[in-house]
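Peer 1:
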Amino acid sequence: MFCVTVWFCSQEDGLRQILQEMESLYEQNQSDVNEAKSDGRAELIPSIKLRHCCLLRNQRCVAAYLYDRLLRIRALRWEYGSVLPANVRFHMCAEELQWFSQYKKSLASFMRSLGADGLDITQDMKPPKSLYIEVRCLKDHGEFEIDDGTVILLKKNSQHFLPRWKCEQLIRQGVLEHVMS
Amino acid sequence: MDTQSYFPVQAGVGMEENFLSLDDILLSHERLPVRTECTFPRLGYLEKSSDAHDIAEGSKMELPLWLSKGLYERKRRVLSVELPKVYREGWRTVFNADPNVVDLHKMGPYYYSLGSQMLHFDSPENPDIAGTLLQTFIGRFRRTMDSSQNAYNEDTSALVERLDSLEKGLFRSGQSGLNGFQSWEKGQATQITASSLVLNYRKRKINDLQP
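Protein chains in written order, with our numbering: chain V, 968 to 1148; chain L, 65 to 275.
#1: Between Met-1092/V and Leu-1051/V, what straight-line distance do the alpha-carbon atoms span, to the nearest angstrom?
#2: Where do the ends of the beta strand (DSSP E) carrying Tyr-1099/V lie?
#3: Is the CB of Val-98/L under 9 Å away from at least one CB in chain V?
#4: Contact check, Ile-1113/V vs Leu-1129/V under 8 Å by CB: the rounded distance?
#5: What residue range does the alpha helix (DSSP H) around Phe-1077/V cover?
#6: Taking beta-carbon pairs under 9 Å, can you tell me which members of the region 1021-1048 of chain V lie near chain L?
#7: So which residues of chain V does Val-262/L contact, with C-beta pairs closer than 8 Å?
#8: Given a cut-off of 9 Å, decide if Gly-238/L and Thr-200/L are closer than it, judged by their beta-carbon atoms.
#9: Keeping to the same chain, check which residues put their C-beta closer than 8 Å to that of Lys-1071/V; ignore five residues upstream and five downstream.
#10: By the DSSP assignment, the alpha helix (DSSP H) with Pro-191/L in it spans what residues?
#11: Which chain L residues sit within Cβ distance under 8 Å of Met-1059/V?
#12: With burial defined as no fewer than 16 other Cβ atoms inside 10 Å of the residue's Cβ, what is the status of Arg-1018/V: buried or exposed?
#13: Given a threshold of 16 other Cβ atoms within 10 Å of its Cβ, counted over all protein chains shown, does Tyr-216/L qualify as buried or as exposed?
#14: How big is the Cα-Cα spacing for Glu-1010/V and Pro-105/L?
#15: To the nearest angstrom, how far is it from the Cα of Leu-1022/V to the Cα of Arg-156/L?
#16: Which residues in chain V have a C-beta closer than 9 Å to the C-beta of Val-142/L? List them in chain order.
#17: Buried or exposed, going by whether 16 or more other CB atoms sit within 10 Å of the CB of Thr-100/L?
#18: Between the Cα of Glu-979/V and those of Ser-1014/V, Leu-1033/V and Glu-1002/V, spot the shortest distance and give me the residue it belongs to.
#19: Straight-line CA distance for Glu-77/L to Leu-1038/V?
#20: What is the rounded straight-line gap between the Cα of Pro-97/L and the Cα of Ser-123/L?
#21: Would you mind stating whether Ser-1229/V and Glu-1101/V have Cβ atoms separated by less than 9 Å?
#22: From the DSSP secondary-structure annotation, give me the bridge partner or partners of Ser-144/L.
#23: Measure from the C-beta of Pro-174/L to each C-beta in chain V and report whether the shortest distance is under 9 Å.
#24: Quick check on the burial criterion: 16 or more other C-beta atoms within 10 angstroms. Buried or exposed for Asn-264/L?
#25: Would you please verify whether the beta carbon of Pro-1130/V is less than 9 Å from any beta carbon of chain L?
#26: Could you check where the beta strand (DSSP E) with Gln-239/L kicks off and where it finishes?
#27: Rounded to whole angstroms, what is the Cα-Cα separation between Ala-1150/V and Gln-1136/V?
#28: Ends of the alpha helix (DSSP H) at Gly-1109/V?
#29: So with Cβ pairs under 9 Å, would you call Gly-241/L a contact of chain V?
#30: Here's a check: name, in chain order, each residue in its chain whose Cβ is nearer than 7 Å to the Cβ of Gln-246/L, leaving out the five neighbours to either side.
#31: Output needed for Thr-257/L: all residues of its chain with C-beta closer than 6 Å, excluding positions within five of it in sequence on either side, in chain order.
#32: Going along chain A, which residues have a C-beta under 8 Å from His-1145/V?
#33: Could you pull the start and end residues of the beta strand (DSSP E) that Glu-1144/V belongs to?
#34: Applying the criterion that 16 or more other CB atoms from any shown protein chain within 10 Å of the CB defines a buried residue, is His-1145/V buried or exposed?
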């Protein structure tokens, strides 16, 4: 009867059980309220209140759980990028995916409104010291084209000297590693 | 310093809880000794010790804080909540004598938060409880702050094991500030790092591969 919160990996079964319990509590209360009103049985009221507290508690736990998931999903946009990996999308429900897509759009239109041509505020999260940085490739990522047209082959363990703005997202996604001299 | 993007709802301050705070939800799960002042018909199944159909008036039970708060009414027709040992006079004298000696993690990991929540139950000892909570915190704060600012790159478990959850949070903040400053001094503040999502996923994959 006393609910316990659960964490990130999709917990649809847990949520379903909680909702079923809430339905059952509600029905018991509904019937007790009717009896209290029609037969004047005021002594049922403490039990009705207790079940109501349980309903509120379940509601609170579910709301806090779902809200925490949204906070983590929002953080993913900033930490990882605008395209989420398949293994994460697998654990998100349709509404959360829709929320993420709308959040992305809001963020993008906000960024476009900054300055003359817009400003990508998800870049340079750490203060940049140079235009070009040394990176090492952590896994094979295939061909990578930089602004002047040159194509670089990102093979595991290869090292390159590349423009910072092209690499930032790949570093955050774990494809490249920022090498500090 | 790690760029922080995930901002969980923080615990409430003092007697207020934050509805969506996971910390407050865990806190309100703590059990309190309680005595019923009326009957609760048809809920006898909640009491594992008896087979009664109803919960009788005068039953002693342990109810979680959220339920106790929800049912409690000032006129006391419903519940009377007993103070847990840690907040009673005996322990209060110990705390007042030397707050640094006590293992607050053992005394219920939510000593300060639960103590603040106990003030909702109109005990005549409330002013003393509140006073002790405050003085204990003041007495211990300096040590927690100092140790969090000076323990760099070492095993802090001995420092942290006797702290209550509020103090642990303060310790973590102190450490995070210290680590951030040190990494800035070393010139690491400009290094772009992989997102924590990637790092955690990688750790889990390695664990899966190990026999």
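The C-beta atom is built at its ideal place from N, Cα and C for all residues, glycine as well.
Remember, it's a predicted structure, so these values are computed and weren't measured experimentally.
Peer 2: Inspection of the coordinates gives the following:
#1: So the two alpha carbons sit approximately 19 Å from each other.
#2: If you look at Tyr-1099/V, you'll find it in the beta strand (DSSP E) that goes 1099-1104.
#3: Proximity of Val-98/L to chain V, defined by a Cβ-Cβ separation below 9 Å, is not satisfied.
#4: With 8 Å as the limit, Ile-1113/V and Leu-1129/V qualify as a contact, their Cβ atoms being about 7 Å apart.
#5: Where Phe-1077/V is concerned, the enclosing alpha helix (DSSP H) starts and stops at 1061-1079.
#6: Within the region 1021-1048 of chain V, the qualifying residues are Cys-1021, Leu-1023, Arg-1024, Arg-1027, Cys-1028, Ala-1030, Ala-1031, Tyr-1032, Tyr-1034, Asp-1035, Leu-1038, Arg-1039, Arg-1041, Ala-1042, Leu-1043, Arg-1044, Trp-1045, Glu-1046, Tyr-1047 and Gly-1048.
#7: Among the residues of chain V, those whose CB is under 8 Å from the CB of Val-262/L are Tyr-1047, Arg-1139, Gln-1140 and Gly-1141, following chain order.
#8: Not in contact: Thr-200/L and Gly-238/L (Cβ atoms no closer than 9 Å).
#9: Sequence-distant partners of Lys-1071/V (beyond 5 residues in either direction) whose C-beta falls short of 8 Å from its own C-beta, in its chain, are Arg-1044 and Ser-1049.
#10: Going by DSSP, Pro-191/L is part of the alpha helix (DSSP H) stretching over 190-214.
#11: None at all; the shortest Cβ gap to chain L is about 13 Å.
#12: Buried is the call here.
#13: By the neighbour-count definition (other C-beta atoms within 10 Å, threshold 16), Tyr-216/L is an exposed residue.
#14: If I take the Cα positions, the gap works out to 7 Å.
#15: So the two alpha carbons sit approximately 36 Å from each other.
#16: Chain V residues near Val-142/L: Pro-1013 and Lys-1016.
#17: The Cβ neighbour count for Thr-100/L, taken over all protein chains shown within 10 Å, is at least 16; the residue is labelled buried.
#18: Distance check between Glu-979/V and each of Ser-1014/V, Leu-1033/V and Glu-1002/V places Leu-1033/V closest, using alpha-carbon atoms only.
#19: According to the sequence as given, residue 77/L is Val; it is not Glu. If I take the Cα positions, the gap works out to 21 Å.
#20: The alpha-carbon of Pro-97/L is positioned some 11 Å away from that of Ser-123/L.
#21: This structure cannot settle anything about residue 1229/V, because the visible part of chain V is limited to 968 through 1148.
#22: Under DSSP, Ser-144/L shares a beta bridge with Arg-99/L.
#23: Position check: residue 174/L holds Tyr in this sequence, whereas Pro was assumed. For Tyr-174/L, the answer is no, since every Cβ of chain V falls outside 9 Å of its Cβ.
#24: Under this definition Asn-264/L is an exposed residue.
#25: Judged by the 9 Å Cβ criterion, Pro-1130/V is not in contact with chain L.
#26: Judged by DSSP secondary structure, Gln-239/L falls outside any beta strand (DSSP E) and instead within the alpha helix (DSSP H) spanning 229-249.
#27: Because chain V is modelled from 968 through 1148, residue 1150/V falls outside the range shown and cannot be assessed.
#28: For Gly-1109/V, no alpha helix (DSSP H) run applies; the uninterrupted beta strand (DSSP E) run containing it begins and ends at 1109-1112, by DSSP.
#29: Chain V contact via Cβ: absent.
#30: Listed in chain order, the non-local C-beta contacts of Gln-246/L below 7 Å within the same chain comprise Tyr-216, local neighbours out to five positions each way being set aside.
#31: For Thr-257/L, where only same-chain residues beyond five positions count, there are no Cβ hits under 6 Å.
#32: Absence of chain A from the displayed structure is noted, the protein chains being V and L.
#33: Membership of Glu-1144/V in the beta strand (DSSP E) is indicated by the continuous run 1143-1146.
#34: Around the beta-carbon of His-1145/V, 16 or more other beta-carbon atoms lie within 10 Å, marking it buried.
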